[in-house]
Amino acid sequence: MSVSYNRDTEECMAVHEVLNLVGDKWSVLIIVHLREGTLRFNELKRRIGGVSQRMLTLALKRLERDGLVLRTLYPEVPPRVEYQLSPLGRELLEPLLQLPLWAEKNRQRQELSRRPAKS
2 MSVSYNRDTE ECMAVHEVLN LVGDKWSVLI IVHLREGTLR FNELKRRIGG
52 VSQRMLTLAL KRLERDGLVL RTLYPEVPPR VEYQLSPLGR ELLEPLLQLP
102 LWAEKNRQRQ ELSRRPAKS
């Protein structure tokens with residue numbers, strides 16, 4: 002039983018780590034928009050809508066740090082910066098795109114099964 006428990010725990014921890022990578026408000030939106038190709042900062046900001054410059058910058062830095070997004074700085078005046086999904090980010094796309102399908106399919110069942118919290 003402990004072997005199964007350890008494997009299950011490790012698998013759950015791996016999922017937890019992935020959710021930590023993309024579980025904030027903006028990361029999934031960034032990844033989904035970057036699937037269309039390379040985008041500059043302001044174009045990405047326009048497409049997402051509602052995100053502040055600071056929050057988009059922080060999310061992009063985090064995604065770049067975690068290896069999901071590639072940032073290319075061109076030595077031009079003014080500087081040009083472009084963002085694209087890394088191979089790792091592209092690999093994450095398929096499972097991420099399954100989540101909205103699951104959510105839509107199960108939304109009504111989830112709402113019906115939701116119970117008020119007991120005091």
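Quick note on the working numbering: the sequence shown kicks off at 2 and runs consecutively.
Just so it is clear, CB atoms sit at the ideal spot from N, CA and C, and this is done for glycine as well.
Margin query: Looking at the strands, I want to know which residues DSSP matches up with residue 73.
Written below: 83
Note to self: Please confirm whether residue 107 has its beta-carbon closer than 8 Å to some beta-carbon of chain B.
What the structure shows: Among the chains in the structure shown there is no chain B, since it carries only a single protein chain.
Next item on the list: State the DSSP-derived secondary structure class of residue 48, mapped to helix, strand or coil.
Entry: Assigned with DSSP and collapsed to three states, residue 48 falls in helix.
Checklist line | Same chain, Cβ closer than 7 Å to residue 52, neighbours up to 5 away in sequence not counted | finding: 27 and 46
Next item on the list: Could you name the residues of the same chain whose beta carbon sits closer than 6 Å to that of residue 2, not counting the 5 residues immediately before and after it, in chain order?
Entry: Below a pLDDT of 50, predicted positions are generally treated as unreliable, and residue 2, at 46, falls in that range; no measurement from the model is reported.
Next item on the list: Using 10 angstroms around the beta-carbon of residue 1, count the other beta-carbons present and answer buried if the total reaches 16, otherwise exposed.
Entry: The structure shown has nothing for residue 1, since the chain only spans 2 to 120.
Next item on the list: Give the single residue among 29, 56 and 83 whose Cα lies nearest to the Cα of residue 101.
Entry: 29
Item checked: CB contact flag (residue 69, residue 97, <8 Å) -> Cβ atoms of residue 69 and residue 97: not closer than 8 Å.
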